[in-house]
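Contents: one structure, followed by commentary.
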Amino acid sequence: AQSVTQPDIHITVSEGASLELRCNYSYGATPYLFWYVQSPGQGLQLLLKYFSGDTLVQGIKGFEAEFKRSQSSFNLRKPSVHWSDAAEYFCAVLSSNTGKLIFGQGTTLQVKP
Amino acid sequence: NAGVTQTPKFQVLKTGQSMTLQCAQDMNHNSMYWYRQDPGMGLRLIYYSASEGTTDKGEVPNGYNVSRLNKREFSLRLESAAPSQTSVYFCASSENRGRTGELFFGEGSRLTVL
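This is the structure we're talking about:
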């Protein structure tokens, strides 16, 4: 069955430090992968997506993600974190069976001043 | 731009009571969805509507019903609320039956069942 795993439930980084949020997927073919962000009290917003082509994908708010087929990973990165990046981040894969998104459990990012 | 609007934002129910969560989108999207969000569980799909006039079950449909009233509106009904339905509910919409994976979410409705 297709699935998405985010190994880190909670991550704390200092403002200005780099960030990497991990995402691993289980999928037979080439996956369609996504990262969404949820600010406190808000709905989810799409950060970036990968369908095919260049394995390094640029998104909004200075985020990027790299698709690595050999590691079944799609990790999210940002070179320098801002306090406003504190939020919950969800990785998702588009199911080929249902055409619906399968979400990971989410990673909560806390940013220290 | 309103996007996806959900009402109410907060609701407290007693076990056995019924209620309807309302959702409307103004982006002329074909597909609409209801998710629930629980700690450590991510988002789980309750029901979806690929287009006006159609609805289908998602991962966790038990205890819920939906109505796609028209292209804009998609409501979620709890006929007899249970404490296990305490959650944050999100409505979302997308253009092309979700195939692009880009969903637009409302701000959520926090439901507590006592």
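In the order they appear, the protein sequences are chains E and F. Here our numbering is used: position 77 in the first sequence is 81, and no number is missing along the way. Here our numbering is used: position 86 in the second sequence is 87, and no number is missing along the way. C-beta atoms are modelled at their ideal positions from N, C-alpha and C, and glycine is treated no differently.
How close, in whole Å, do the beta carbons of residue i and residue j come, if the pair is a contact with beta carbons under 8 Å?
i	j	result
F107 (chain E)	G43 (chain F)	4 Å
M20 (chain F)	A83 (chain F)	Not quite, the Cβ-Cβ distance comes to about 12 Å (not below 8 Å), so this is no contact.
E108 (chain F)	Q46 (chain E)	6 Å
Q10 (chain E)	R26 (chain E)	7 Å
A90 (chain E)	Y40 (chain E)	About 15 Å; that fails the 8 Å criterion.
Q38 (chain F)	V89 (chain F)	5 Å
L22 (chain F)	S85 (chain F)	Incorrect: roughly 16 Å between the Cβ atoms, too far for contact.
E19 (chain E)	K116 (chain E)	7 Å
E80 (chain F)	N66 (chain F)	7 Å
Can you say whether residue i is buried or exposed, counting buried as having 16 or more other CB atoms within 10 angstroms of its CB?
i	result
H86 (chain E)	exposed
F105 (chain F)	buried
M33 (chain F)	buried
T111 (chain E)	buried
P9 (chain F)	exposed
R69 (chain F)	buried
Q114 (chain E)	exposed
I47 (chain F)	buried
P40 (chain F)	exposed
S100 (chain E)	exposed
P35 (chain E)	buried
K104 (chain E)	buried
Q26 (chain F)	buried
Is the Cβ of residue i closer than 8 Å to any Cβ of chain F?
i	result
G63 (chain E)	no
Q46 (chain E)	yes
K53 (chain E)	yes
G57 (chain E)	no
Q1 (chain E)	There is simply no residue 1 (chain E) to check, as chain E begins at 5 and stops at 117 in what is shown.
F71 (chain E)	no
Is the Cβ of residue i closer than 8 Å to any Cβ of chain E?
i	result
F91 (chain F)	yes
G54 (chain F)	no
L112 (chain F)	no
Y49 (chain F)	yes
M28 (chain F)	no
E103 (chain F)	yes
M42 (chain F)	yes
E108 (chain F)	yes
L46 (chain F)	yes
Compute the Euclidean distance between the alpha carbons of residue i and residue j, then round it to the nearest angstrom.
i	j	result
F75 (chain F)	L50 (chain E)	21 Å
R78 (chain F)	A5 (chain E)	29 Å
Q62 (chain E)	D57 (chain F)	34 Å
S52 (chain F)	S94 (chain F)	10 Å
G66 (chain E)	K15 (chain F)	45 Å
Q18 (chain F)	K53 (chain E)	40 Å
S7 (chain E)	Y29 (chain E)	6 Å
G54 (chain F)	R45 (chain F)	22 Å
N79 (chain E)	Y36 (chain F)	24 Å
T16 (chain E)	A69 (chain E)	19 Å
F11 (chain F)	G57 (chain E)	43 Å
T59 (chain E)	C24 (chain F)	36 Å
What are the boundary residues of the beta strand (DSSP E) that residue i is part of?
i	result
C24 (chain F)	M20 to Q26
I15 (chain E)	H14 to S18
V61 (chain F)	From DSSP, V61 (chain F) is part of no beta strand (DSSP E); its letter is neither H nor E.
Q38 (chain F)	S32 to D39
L77 (chain F)	F75 to L79
N29 (chain F)	Careful: N29 (chain F) lies outside any beta strand (DSSP E) and carries neither H nor E.
R26 (chain E)	No beta strand (DSSP E) contains R26 (chain E), which DSSP labels as neither H nor E.
I47 (chain F)	G43 to S50
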